[in-house]
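Q:
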């Protein structure tokens, strides 16, 4: 959370394993605060991507303990929002809570960081903390696909991880868990801008040729590496299998007891 702590030119984190040898790992702050003259390298992103995928897995597991609770996604639902005397009835309870959460985080300059994207950017207040200087790592852009991220989550992901039905005593917990998932998904997806930039810098002439030819399919073929993506999917599935099982005195429970089916998380 470089936007919160305000650590200019923060160094990579140092982790000291049990054998006492220090291992340096890249952090989010080391990426967004890097000098713009330094080329981006894919190897620098490995630790960040691993952390982000683990955050998503844990958030999905946390959300799976509650039913779908469709009421919190319905605009103006009176069982959730009341008679409308206290809140805006034109939005859902999820959108209300997500918007207010983002406004709170904006006060500590979360959304001034180039690796963050808000779901309600038009409603963000000015930060209370003083502005930070972020070197220009990316070409200026306004890419924000959070609308699609939220639709994908509600329509395709949620029905596969949570049981159907509703329990009104869990509306609040459900929404808090939803926000954790949405923010984790958004961060990971928009972090792709840094990855794409690193790949461009590794082969600028190739990408410039494809751009000039307006070859979108060629750009995507060059950006994606099926063998690498398959290894990532296998890793994510194994993590979901490991994290999603309770551990008893006899060891981990069987895969049938996973809180979220590992294959579902892999598919997502």
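Residue numbers (the numbering used here): 379 to 646.
For every residue, glycine included, the Cβ atom is placed at its ideal position computed from N, Cα and C.
Count the other CB atoms within 10 Å of the CB of residue 599; is the residue buried (16 or more) or exposed (fewer)?
A: With fewer than 16 Cβ atoms within 10 Å of its Cβ, residue 599 is classed as exposed.
Q: State the start and end residues of the unbroken alpha helix (DSSP H) segment that holds residue 609.
A: 604-621 is the span of the alpha helix (DSSP H), which, as asked, contains residue 609.
Q: With a CB to CB cut of under 6 Å and the five nearest residues on each side skipped, what residues in its chain are close to residue 538?
A: Correct list, in chain order: 642.
Q: Note down the Cα distance separating residue 563 from residue 464, rounded to an integer number of angstroms.
A: Residue 563 and residue 464: Cα-Cα distance of roughly 30 Å.
Q: Report the rounded CA-to-CA distance for residue 362 versus residue 524, giving the unit in angstroms.
A: Only positions 379 to 646 of the chain appear in this structure, which leaves residue 362 out of reach.
Q: Going by Cα to Cα distance, which pick from 540, 607, 617 and 528 is closest to residue 477?
A: Checking every option, the nearest Cα to that of residue 477 belongs to 528.
Q: I'd like to confirm the pairing. Which residues does DSSP put opposite residue 630 in its beta bridges?
A: Answer is 625.
Q: If you measure between the beta carbons of residue 638 and residue 552, is that distance less than 7 Å?
A: No, these two residues do not count as a Cβ contact at 7 Å.
Q: Three-state secondary structure (DSSP) at residue 467?
A: The answer is coil: DSSP assigns residue 467 none of H, G, I, E or B.
Q: Based on Cα-Cα distance, which residue from 508, 485 and 510 lies nearest to residue 499?
A: Cα-wise, what sits closest to residue 499 is 485.
Q: Which residue marks the beginning of the alpha helix (DSSP H) containing residue 426, and which one marks its end?
A: Residues 424-441.
Q: Using only the alpha-carbon positions, how far apart do residue 548 and residue 438 sit?
A: Computed Cα separation, rounded: 16 Å.
Q: Let me know the alpha helix (DSSP H) ranges lying completely inside the stretch 483-570, each 4 residues or longer, listed in chain order.
A: DSSP runs (the alpha helix (DSSP H)) wholly in the stretch 483-570: 524-530, 536-539 and 549-568.
Q: Using CA atoms only, rank isn't needed, just tell me which of 602, 560 and 557 is closest to residue 576.
A: Looking at the Cα atoms, 602 is the closest of the given residues.
Q: Helix, strand or coil: which one does DSSP assign to residue 446?
A: Note: residue 446 maps to coil in three-state DSSP.
Q: Rounded to the nearest angstrom, how far is the Cβ of residue 614 from that of residue 644, given a contact under 8 Å?
A: Contact flag correct, Cβ pair sits at about 6 Å.
Q: I believe residue 540 touches residue 458 by the beta-carbon criterion, under 8 Å. Please report the beta-carbon distance rounded to the nearest angstrom.
A: In fact, because the Cβ distance is near 17 Å, the residues do not count as touching under 8 Å.
Q: Return helix, strand or coil for residue 581, following the three-state DSSP convention.
A: Looking at residue 581 - three-state DSSP - the assignment turns out to be coil, as it is neither helix nor strand.
Q: In the structure shown, what three-state DSSP assignment does residue 600 receive?
A: Helix at residue 600.
Q: Suppose contacts are defined by Cβ-Cβ distances below 7 Å. Is residue 342 in contact with residue 593 by that definition?
A: The question about residue 342 has no answer here: the residues shown for the chain are numbered 379 through 646.
Q: In whole angstroms, what separates the C-alpha of residue 584 from that of residue 617?
A: Answer to the nearest angstrom: the Cα atoms are 35 Å apart.
Q: Going by other Cβ atoms of all chains shown within 10 Å of its Cβ, with 16 needed for buried, is residue 622 buried or exposed?
A: When all chains shown are included, residue 622 counts as buried.
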